[in-house]
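Colleague: Structure in structure tokens, see below.
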Amino acid sequence: KLRHSLRRPSRSDFVQFEVYGGIDMEKEKRLIYKVCSASAIAVAVFTVLFIILLGCTFDFSEWEGIVNYKNTFRPIQMLTVVPSILLAISYVIFVSGLHIYAWGYKKIWSQLALSFGLLYAGISIANYLIQLVTVIPSIQNGMLEGLALFVSGYSNSIFYALMASYFLMCISLFFASFVFSKNERNFKWIRRLFFCSALAIPLFLIGALFDIAIIMMFGALSWLVGATVGMVMLAVCFQKEVRLAGNGVL
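Residue numbers for the sequence shown follow our numbering, beginning at 3 and rising by one.
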């Protein structure tokens with residue numbers, strides 16, 4: 003009896019402790035992988051949807067004053083607001099899951115990614131909410147005084163200054179890339195794609211400073227490719243991890 007009571011704990015004892023103690027490690031891993039995978043797909047989808055709607059609804063005509071903007075305004079021009087807000091929310095969920103996924107010293111990179119991701123999301127959501135809550139009702143009610151500084155149709159408005167929040171997203175992706183191992187083939191490509199999205203910042207700034215539209219377009223393209231393709235590849239990798247965790251391999 004004494005030997006039995008002092009026996010070495012078996013694996014089944016640890017499993018019972020994990021489950022009944024509320025610490026099911028395999029379930030926790032699967033949850034983290036699922037959250038990261040689903041949010042990564044959401045980020046990719048809303049990014050593509052944002053670009054498509056932007057191309058379909060953006061007013062490329064020259065600015066002729068707030069009165070003319072009011073007369074030509076159509077609510078459909080604000081369609082990009084919806085995927086933009088959902089993109090910001092999805093990205094916060096993604097980097098939050100990524101921070102939990104990271105281990106050891108890599109948590110410094112995931113913490114930086116999360117911090118810049120939160121900055122991006124806060125500014126971006128506020129910017130688009132101004133369009134929904136302030137700009138649209140003001141235009142519809144004819145309250146135009148001082149409104150030119152906030153509308154998306156005026157290239158010198160505050161709206162475009164706050165659009166720089168996407169630079170913060172690029173910085174966040176840059177730091178997120180260091181969470182993944184460069185020794186594994188799939189993660190190596192994810193690192194490169196996230197690096198690619200960060201190139202949008204210098205390319206866009208150079209294009210803006212020297213008024214070279216083609217360089218600005220390359221900057222936007224690097225962000226689009228890096229954010230979407232990288233997120234899709236990462237979602238696939240996390241789905242594999244979900245299956246491995248479910249089979250008890252991890």
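Ideal Cβ placement from N, Cα and C applies to all residues, glycine included.
(1) Return the first residue and the last residue of the alpha helix (DSSP H) that F181 is part of.
(2) Would you check if there are 3 or more beta carbon pairs closer than 8 Å linking the segment 123-134 to the segment 100-115?
(3) Hey, out of V94, N70, L51, whose CA is closest to P253's CA?
(4) Are the CB atoms of F197 and S179 within a distance shorter than 8 Å?
(5) Can you give the Cα-Cα distance for I214 and I127, rounded to whole angstroms?
(6) Suppose you measure from the CA of H101 to the CA of I203; what does that come to, to the nearest Å?
(7) Does DSSP classify I53 as helix, strand or coil?
(8) For the alpha helix (DSSP H) that V153 lies in, which residues bound it at each end?
(9) Would you call the CB atoms of L88 and L55 closer than 8 Å?
(10) Among the candidates E66, L164, W225, R76, whose CA atom is the shortest distance from the CA of F60?
(11) Once the 5 residues before and after Q79 are set aside, which same chain residues still bring their CB inside 6 Å of it?
(12) What's the call for I2, buried or exposed, on a 16-neighbour Cβ count within 10 Å?
(13) Nearest by alpha-carbon distance to E186: which of L146, C239, M233, Q142 is it?
Modeller: Quick answer:
(1) Position check: residue 181 holds Val in this sequence, whereas Phe was assumed. Taken as a continuous stretch (DSSP letters only), V181 belongs to no alpha helix (DSSP H), as it is neither H nor E.
(2) no
(3) In this structure the chain extends from 3 to 252, so residue 253 is not present and cannot be described.
(4) yes
(5) 29 Å
(6) 24 Å
(7) helix
(8) No alpha helix (DSSP H) holds V153; DSSP gives it neither H nor E.
(9) no
(10) R76
(11) T59
(12) Residue 2 falls outside the range modelled here, since the chain spans only 3 to 252, and no answer is possible.
(13) C239
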